[in-house]
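Undergrad:
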Amino acid sequence: MKVAVTSTGVGRFGKRPESLLELLAEAGREALDGIGRKPVDLLVVGHMAGGSFSGVENTAAKLADQLGLDSGAGFRIEAASASGAAAFQAAVGLVAGGGYERALVVAGEKMTDLPNAEVAKVLARSLAASEIAHGATMPALAALVASRYLRRYELGEDAFDVVSVAARAAASRNPNAQFSTAVTADEVRASRPIALPLRLLHCSAVSDGAAAVVLERATGPAGVLGLGQSTDHVELVERPELTSFRATRLAAKRAYESAHQTRKELDFAELHDAFAPFAVIDLEDIGATGAGEGAAWFRDGSTGPDGRFPVNPSGGILGRGHPVGASGLVQIAEVARQLRGESGRMALAKRPRRGLAQSIGGLGSHNFVTILGNTGVGAA
Amino acid sequence: MSSAATIAIVRCEHCHGRFLPPGGPCPRCGSSELVSGTIPAKATVLAATELLAPAAGWPNPHRLAIVEGAESVRILAIVPGDLPAPGAVVGVARVGDRYEVTGPDPERAPSSPRRPRN
């Protein structure tokens, strides 16, 4: 049964005074307004740690109240920083299965109520206990991945700087992004060290924000073509590879198989760049480039808005901000907007027909790939 | 460190995976056919980082490395001293519930270290 994204809602990302529920409701209302407030019979909510960050639980029922969705069905989905993608994939399954006609998927996070040290502690809970016992943090493990990558492919410490520069340039065209100003490679290099080789401008920012989409049994420019996900060993040292995320590779393989597509048939992607080296690894893991070649694609403009395979025209997580639960869904909303011709100044040089969203949960331990494309008039 | 120093590991009889204790069932195949063993307490540094924004309660800077010992066992270890370069051979020890790099291996690799998988 064909399912399509028929409406989207994206709030402003950054430090917001509103509560988690207000942010979710804002994005949800925008998406509902986009379908003329037609009734929805399923509400799926994604957030990573609303209880820890915001002291809020039972979010599906509370959000239903906020949105006036009386007596419907719904629940909350959690998959660490991929919670938004997980919520989307769960909703697709339920609508495609015929149990529901029209679903509203909303995902967000409110992180700035807590001091940064507390935020880091909550985020680290998605790591393995043994990693936390060694004083590992998300940036620390990302830095170890980056360290291994640079060594393996004999690259300089500045290899990932271009990713941050590209992300901030794209974000300057996104009215909802946390960061509206571009940065230079020199500014990335001069930013303070966080976990070497990673510097501040290689790392995504603590943020508040939410996104929403409406899914219907329908065809259209943003039809759901393929879904894939995979877990991997939570402990980084248990994984056979350090410079690639197996969970992304498996998620992509499953998504391509379910879509009956290959990477060559895709026009662009929104990739999970919570840390700059991840965008490079993601590009390789979805099969766009060979191992060790991703950074060169960012350097030579291949991933720019008019390049051969545009990446993160919305600014990505580095530029948009990373309210963890929101990120997996806002990527899908931005892919849908490009396909529907609703991206404003972020629009790619050529209107795309197929796009991919890739989301990382934890430190690559639960990753998702979603492919959207035209299933309506003129579909291949 | 004496040349007899070892690190305890767990070997899976079913999938031949190797991992650190406490363990089981095997994280790779779910088997409970596990046998305790040891490997020499030296390893090759695969990756290293210096955290200048460490978690609360940890020194600033806090240094971590992923090292690989015999039988491809990988260990996340705290580095109390200077950050070793990737490729260096170091000693490693279990201290309480943590692993620590104990400095350059005094025997200094009589044969060239096995090339890591990636």
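Chains as they are written, first to last, in our numbering: chain B, 1 to 380; chain R, 1001 to 1118. All C-beta atoms, glycine included, are put in the ideal place defined by N, C-alpha and C. If you're wondering where the values come from, they're calculated on a predicted model, not measured in any experiment.
At a CB-CB cut-off below 7 Å, which residues of chain R make contact with B:Thr6?
TA: Within 7 Å Cβ-Cβ: nothing; B:Thr6 doesn't reach chain R, min ~42 Å.
Undergrad: Quick one: which chain B residues come within Cβ less than 8 Å of R:Pro1086?
TA: The answer, in chain order, is Ser147, Arg148, Arg151.
Undergrad: Which residues, taken in chain order from the stretch 1045-1076 of chain R, show a beta carbon closer than 7 Å to some beta carbon of chain B?
TA: Listed in sequence order: Leu1046, Ala1047, Ala1048, Thr1049, Glu1050, Leu1051, Leu1052, Ala1053, Pro1054, Ala1055, Ala1056, Trp1058, His1062, Leu1064, Ile1066, Arg1074, Ile1075, Leu1076.
Undergrad: CB of B:Gln338 to nearest heavy atom of the ligand PLP: below 6 Å?
TA: No copy of the ligand PLP appears in this structure; indeed no ligand is present at all.
Undergrad: Return helix, strand or coil for B:Asp41, following the three-state DSSP convention.
TA: DSSP places B:Asp41 in coil when its eight states are reduced to three.
Undergrad: With respect to the beta strand (DSSP E) encompassing R:Val1045, which residues constitute its N-terminal and C-terminal limits?
TA: First-last of the beta strand (DSSP E) with R:Val1045: 1042-1051.
Undergrad: Check whether the Cβ of B:Thr248 lies closer than 7 Å to any Cβ atom in chain R.
TA: No - not a single Cβ of chain R is within 7 Å of the one on B:Thr248.
Undergrad: Who are the Cβ neighbours of R:Pro1086 in its own chain at under 8 Å, not counting the five residues just before and after it?
TA: Excluding positions up to five away in sequence, the list reads Val1045, Leu1046, Ala1047, Ala1048.
Undergrad: Check whether the Cβ of B:Val237 lies closer than 7 Å to any Cβ atom in chain R.
TA: It does; some Cβ of chain R falls within 7 Å.
Undergrad: Could you tell me which chain B residues have their CB closer than 7 Å to the CB of R:Pro1027, listed as they occur along the chain?
TA: Neighbours of R:Pro1027 on chain B, chain order: His233, Glu238.
Undergrad: Using CA coordinates, which residue listed in B:Ala85, B:Ala31, B:Asp41 is at the minimum distance from B:Thr370?
TA: Cα-wise, what sits closest to B:Thr370 is B:Ala85.
Undergrad: Could you name the residues of the same chain whose beta carbon sits closer than 6 Å to that of R:Glu1033, not counting the 5 residues immediately before and after it, in chain order?
TA: Cβ within range, chain order: Glu1013, His1014.
Undergrad: For a test of the three-state rule: what should DSSP assign to B:Thr248, helix, strand or coil?
TA: Helix.
Undergrad: I need the DSSP call for R:Ala1005, collapsed to helix, strand or coil.
TA: Residue state, collapsed to three classes: coil.
Undergrad: Within its chain, find whatever has a CB closer than 6 Å to the CB of B:Ala79; leave out the 5 residues flanking it on each side and keep chain order.
TA: Taken in chain order, the residues that qualify are Ala86, Gly361, His366.
Undergrad: For B:Gly28, which three-state DSSP category applies?
TA: In this structure, B:Gly28 counts as helix in the three-state DSSP scheme.
Undergrad: Kindly indicate if chain B contains any beta-carbon less than 7 Å away from that of R:Glu1013.
TA: Not closer than 7 Å to any Cβ of chain B, the Cβ of R:Glu1013 fails to qualify, so no.
Undergrad: If we call anything under 7 Å between Cβ atoms a contact, is B:Val121 one with B:Leu20?
TA: The sequence shown places Lys at residue 121 of chain B, not Val. No. Outside cutoff.
Undergrad: Can you say whether B:Gly97 is buried or exposed, counting buried as having 16 or more other CB atoms within 10 angstroms of its CB?
TA: That one is exposed.
Undergrad: In three-state DSSP terms, what is R:Thr1102?
TA: Strand.
Undergrad: Figure out for me which residue from B:Gly321, B:Pro139, B:Thr112, B:Cys203 has the closest Cα to the Cα of B:Ala171.
TA: Comparing Cα positions, the closest option is B:Gly321.
Undergrad: Can you find a C-beta in chain B that's less than 7 Å from the C-beta of R:Ala1008?
TA: So, not an interface residue.
Undergrad: Could you tell me the boundaries of the beta strand (DSSP E) in which B:Gly226 lies?
TA: 223-231 is the span of the beta strand (DSSP E), which, as asked, contains B:Gly226.
Undergrad: Fully enclosed by the stretch 1010-1040 of chain R, which beta strand (DSSP E) runs are 3 residues long or longer?
TA: Runs found: 1034-1040.
Undergrad: Which residue's Cα is closest to the Cα of B:Leu372: B:Leu242, B:Leu24, B:His47, B:Gln338?
TA: Closest option to B:Leu372, Cα to Cα, is B:Gln338.
Undergrad: Output the residue ranges of the alpha helix (DSSP H) runs that lie fully inside the stretch 297-324 of chain B and measure 4 residues or longer, sorted by chain position.
TA: Taking only runs of at least 4 residues, the alpha helix (DSSP H) segments lying wholly in the stretch 297-324 of chain B are 316-320.
Undergrad: Excluding the five sequence neighbours on either side, which residues of its own chain have a C-beta within less than 7 Å of the C-beta of B:Lys382, listed in chain order?
TA: Residue 382 of chain B falls outside the range modelled here, since chain B spans only 1 to 380, and no answer is possible.
Undergrad: Hey, is B:His134's beta-carbon within less than 7 Å of any beta-carbon in chain R?
TA: Yes, contact with chain R.
Undergrad: With C-beta atoms as the reference, is B:Leu42 less than 7 Å away from B:Val106?
TA: Not closer than 7 Å, so no.
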